[in-house]
Amino acid sequence: MGIKTYDKIIKITVPTPFPIGDVNTYLVKGDRLTLIDAGINTPEARVAFQLGLAEAGYKVSDIEQVILTHHHPDHIGLLDDFDVDIYGHTYCGNWISYNESFLNWRREFFIDLFRVFGVPKEMIQLANNLDNTLKFGCEKSVLTGELKEGDELPALPGWRVLETPGHAQSHLVFYREKDGFLLAGDHVLKTVSSNPLLEPPSARGAERSKPLLQYNNSLWKVKNMDIQQALTGHGNDIKSIHSLIERRFVRQHERAMHILSMLKEKPMTIFEVCTKLFPEVYKKETGLTLSETAGQFDYLLERGDIQVESIKNGAIYYRG
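Under UniProt numbering, the letters of the sequence shown match residues 1 to 320, in that order.
As structure tokens, this is what we get:
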């Protein structure tokens, strides 16, 4: 895996069992030695992380605080290994400590949402499969402090917090204005699009988020900044982030127009469109593919390109 060094930053890369591949964590030197994101909870990742620390001249006990870009398992997995302060978005709190009530609510949320999307009865229970990745996270960590837009990172003078929801409701990026460095998490990745994922609201009964619309707004926020280099959660660094964001916008709009053409032919549910877009993987990656499809529907609805045609047995049919 190895390490890579920058000005007061060291990248340590560890393996994951996920299709996205390796995940990057970052040591940042400041008033406290800070770890940005905590990798994934597997024996292989733990060994790789410890070897990376040793190569950089440190050990686990040298880390004085952890700051999270977001709550996904491949970014929080080793948190329980540390007895230090942990900072992140308030939404992370439900994910870094085992919370049976929240997990039950999460299952109920997706089962209800799958019905609205038109998922067949025999597949509704696939919502329970969304828990399969939780074993790679942590279960007994607690946020010391919550970060929000405009905050300076604790003990890291010159680093500013920006809220960038979309890929995750908890997603934050961290900006060092003096040299235009961005610790980007999974907000923008160099070789693949970052997936805006559906997630339950913190409170029961609250309206679901629209992650693709949030993600586009967050991309605009970053696009309008003076960023010289983005250090990402997966893959290589990005030095031309503005042109990359432009390409992401174009590709996303093209996907939406493809769906619009399908809905002009006949009314369909989100699930029906999902099966046509992802015929080989929708059963295995149900949450991911439905998130992608629902996001495009939200985009088309926001533009006024599609509308509700009918509701049958709780499932919504849309037409273009």
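Note that CB positions come from ideal geometry on N, CA and C, so glycine has one too.
- DSSP places Leu244 in the helix class (H, G or I) of the three-state scheme.
- In this structure, Val66 lies away from Ser97, with their beta-carbon atoms at least 8 Å apart.
- In the DSSP annotation of this structure, the continuous segment of the beta strand (DSSP E) that includes Gln229 starts and ends at 229 to 232.
- Excluding its 5 nearest sequence neighbours in each direction, Pro267 has C-beta neighbours in its own chain below 8 Å: Glu309, Ser310, Tyr317, Tyr318, Arg319, listed in chain order.
- Asp74 sits buried, since 16 or more C-beta atoms from the chains shown fall within 10 Å of its C-beta.
- Restricting attention to alpha helix (DSSP H) runs no shorter than 4 residues, the segment 14 to 69 encloses them at 43 to 56, ordered along the chain.
- For Gln125, the secondary structure class from DSSP, reduced to helix, strand or coil, is helix.
- Shown here, Ser202 sits in coil according to DSSP, grouped into three states, outside any helix or strand.
- As computed with DSSP, Asp85 is found in a beta bridge with Gln65.
- In this structure, DSSP gives Arg176 an extended state, which the three-state scheme calls strand.
- Checking the DSSP bridge columns, you'll see Gln307 partnered with Arg319.
- Here Thr90 carries a helix assignment [DSSP, helix/strand/coil].
- Given a length threshold of 4 residues, each whole run of the alpha helix (DSSP H) inside the segment 259 to 315 is given here in chain order: 270 to 277, 286 to 303.
- Rounded to the nearest angstrom, the gap between the Cα atoms of Gly166 and Leu197 is 7 Å.
- For Pro15, the closest C-alpha among the options Val47, Leu33, Gly30 is that of Val47.
- According to DSSP, residue pairing for Thr5 in a beta bridge involves Ile10.
- Collapsing the DSSP output to three states places Ser97 in a strand.
- In the structure shown, the three-state DSSP call for Val142 is coil.
- Ala168 sits in coil when the DSSP states are folded into three classes, being neither helix nor strand.
- One Cα belongs to Glu163, the other to Leu53, and the distance between them is close to 29 Å.
- Shown here, Ala155 sits in coil according to DSSP, grouped into three states, outside any helix or strand.
- Assignment of Glu108 by DSSP, reduced to helix, strand and coil, places it in the helix class.
- Excluding sequence positions up to five before and after Arg115, its CB lies within less than 6 Å of the CB of Gly314, all in the same chain and listed in chain order.
- It is roughly 10 Å from the alpha-carbon of Ala155 to the alpha-carbon of Glu64.
- The bridge partners DSSP lists for Ile238 are Ala230.
- For Leu183, the enclosing beta strand (DSSP E) covers residues 181 to 185.
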